[in-house]
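Residue numbers (UniProt numbering): 1 to 229.
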């Protein structure tokens with residue numbers, strides 16, 4: 001089941017991380033965020049999968065000199081869009097029929113989650129406890145906001161733009177931390193598991209699903225690259 005009608009004319013070609021050979025989505029939280037936004041807004045689009053390790057050179061021509069995923073072609077106008085932080089507010093203004101909210105107009109929750117997560121993964125020796133507490137602080141901020149919400153999402157009964165960003169990030173944080181550090185979510189942060197469970201029941205999440213193994217393998221490769229650089 002998809003929120004987007006299978007018979008609707010696609011408005012975008014959206015290039016996201018994935019395996020063209022297998023036809024499977026990859027483990028990119030920025031791609032995931034963008035797809036969730038279009039799905040939740042009911043905007044029809046084509047998913048075009050790119051191997052992140054073999055991105056074509058022409059991508060630089062449409063992404064201001066960068067090989068960056070995700071990016072999109074607006075089929076009606078021929079306009080190229082890139083950088084999920086810029087694409088999300090663009091979609092919000094372009095398709096106001098279902099409002100998710102501009103990220104800069106919503107309360108900031110967990111804004112430093114990913115930097116804290118990266119700091120924790122890279123921490124060694126005596127700094128590990130400090131970096132772990134920084135991560136827990138961000139997760140507690142999210143947990144507290146969920147506790148005050150009138151639904152399973154930060155946006156209430158329905159997800160908003162913050163949710164479309166934090167849902168994929170939390171998936172990566174919990175899987176990546178367990179894979180690399182053997183770390184699990186503290187039990188007192190009890191709203192976060194239910195939050196992710198609520199996401200997993202939505203057609204938008206089902207339609208943009210990628211496996212836990214992809215996330216595990218992805219973070220192992222990233223950490224190996226960081227260690228050797």
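Positions of the beta carbon are idealized from the N, C-alpha and C atoms, including for glycine.
* Which residue's Cα is closest to the Cα of residue 170: 222, 41, 151 and 111? -> 111
* When DSSP builds the beta bridges, which residues end up paired with residue 71? -> 15 and 82
* Asked: Whose C-alpha, out of 152, 226 and 149, is nearest the C-alpha of residue 180?
  -> 226
* Please report the residue range of the alpha helix (DSSP H) in which residue 106 lies. => Counting along the chain, residue 106 falls outside any alpha helix (DSSP H), and DSSP gives it neither H nor E.
* Asked: Taking the Cβ atom as the reference point for each residue, do residue 70 and residue 162 lie within a distance shorter than 8 Å?
  -> no
* To do: Throw me the rounded Cβ distance for the residue 39 and residue 98 pair, which I believe falls under 8 Å.
  => With a Cβ gap of about 11 Å, residue 39 and residue 98 do not count as contacting.
* Alpha carbon to alpha carbon, how far is residue 188 from residue 24? -> 35 Å
* To do: Compare the beta carbon distance of residue 156 and residue 27 with 8 Å and say whether it is the shorter of the two.
  => no
* Inter-residue Cα distance where the pair is residue 139 and residue 61 -> 38 Å
* If you run the structure through DSSP and keep just helix, strand and coil, what is residue 47? -> strand
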